[in-house]
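Residue numbers for the sequence shown follow full-length UniProt numbering, so the first one is 1 and each next one is one higher. Ideal Cβ positions, reconstructed from N, Cα and C, are used throughout, including at glycine.
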Amino acid sequence: MKFNFITLFPNLVTPYFSDSILGRAQTSGLIEINCINPRDFTQNKHKKVDEYMVGGGAGLLMSAQPLCDAIDRIGQTHVIYLTPAGKKFNQNDAKRLAKLENISFICGRYEGIDERVIESRVNEVFCIGDFILTGGELAAMCLCDAISRNIAGVLGNANSLDIESFEDGILEAPSFTKPNIFNGSPVPSAFLKGNHSIINVLKNHMALCKTRFFRPDLYQTLKSPNFKEKR
Ligand code: SAM
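Structure below.
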């Protein structure tokens with residue numbers, strides 16, 4: 001999968017993808033990170049990529065021409081604009097987009113981008129939460145990370161995807177590691193006895209309790225509390 005970041009600040013993006021799991025995915029050719037700077041496409045003699053808003057308004061906008069030319073240079077690609085006005089990105093989107101071959105993220109800056117770029121070039125718009133960032137790079141990196149780990153071969157153990165939060169619409173069950181007692185607090189005793197069917201039933205129950213406590217909105221939408229026992 002090739003990811004193109006259309007960004008004025010490529011140095012914000014590339015370091016994140018050069019380490020750890022996604023660094024290895026790049027080395028092994030499973031993903032490719034490509035940054036394109038719209039400043040390289042501006043026809044403005046001062047290399048300007050921003051303008052005041054027509055009709056007034058506080059702040060500047062990224063102009064349409066450098067962005068559209070940068071996108072057109074990429075060729076066949078699925079264009080995503082990160083914006084507070086977009087649909088909230090979720091795990092189902094990550095899985096769906098992981099099946100594509102080429103995705104381009106437009107990382108907005110200033111007060112955003114000229115609306116005509118969205119109308120003419122963008123396939124989908126996504127928001128990562130109800131707050132305002134200074135730019136779209138962080139949001140685009142969140143999507144790229146979440147999409148990448150759903151590409152076959154990126155995670156060492158693909159089974160870990162099946163038991164993660166948001167599978168079956170619930171959160172992952174609480175997990176513990178050694179020591180068995182930490183600061184006087186023991187792990188649930190059933191976890192120590194090695195009966196995996198009992199542990200799975202307990203984990204299902206704990207996952208439901210956790211979802212109900214931390215994400216009552218998710219809990220409300222569960223079709224049946226007797227969801228599949230695969231955890
Ligand atoms: N004036 C814009 C508004 O009120 O919707 C906010 C502009 S923000 C300062 C600059 C850029 O950051 C946006 O164009 C967008 O690309 C990105 N951005 C900010 N918050 C975001 C969020 N919650 N989700 C996705 N992108 C976001």
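For residue i, the residue or residues it bridges with in DSSP
i, result
"V154", "According to DSSP, which records beta bridges pairwise, V154 is partnered with nothing at all."
"N4", "N34, S104"
Three-state secondary structure assigned by DSSP to residue i
i, result
"S175", "coil"
"F11", "According to the sequence as given, residue 11 is Asn; it is not Phe. The answer is helix: DSSP assigns N11 an H, G or I state."
"S185", "strand"
"D114", "coil"
"E167", "helix"
"T77", "coil"
"M62", "strand"
"T42", "coil"
"V122", "coil"
"I31", "coil"
"K48", "coil"
"I199", "helix"
"I21", "helix"
"N159", "helix"
"T83", "strand"
"N204", "helix"
Cut-off 7 Å between Cβ atoms - residues of its own chain near residue i, not counting five sequence neighbours on either side
i, result
"N180", "P186, V187, L192"
"K230", "Because K230 carries a pLDDT of 47, less than 50, the predicted location of this residue cannot be relied on, and the following value inherits that uncertainty. Around K230: D162."
"R215", "L171"
8 Å Cβ shell around residue i - same chain, five flanking residues per side excluded
i, result
"E137", "F5, T7, F9, L12, V13, C107"
"C127", "L82, T83, P84, A85, G86, K87, K88, F89, A139"
When the options are compared against residue i, the one with the closest alpha-carbon
i, options, result
"R109", "E119, E124, P84", "P84"
"Q26", "G153, T221, I170", "G153"
"E124", "K45, H78, S197, A70", "H78"
"P38", "K99, P66, I118, K45", "P66"
"I80", "S63, N102, K95", "N102"
"D217", "A98, V201, S197, F166", "F166"
"L100", "V54, G56, N150", "N150"
Endpoints, alpha helix (DSSP H) assigned at residue i
i, result
"D93", "91-97"
Cβ-based neighbour list, residue i, same chain, cut-off 6 Å, excluding 5 preceding and 5 following
i, result
"E111", "G59, L61"
Enclosing beta strand (DSSP E) for residue i [first to last residue]
i, result
"N102", "102-106"
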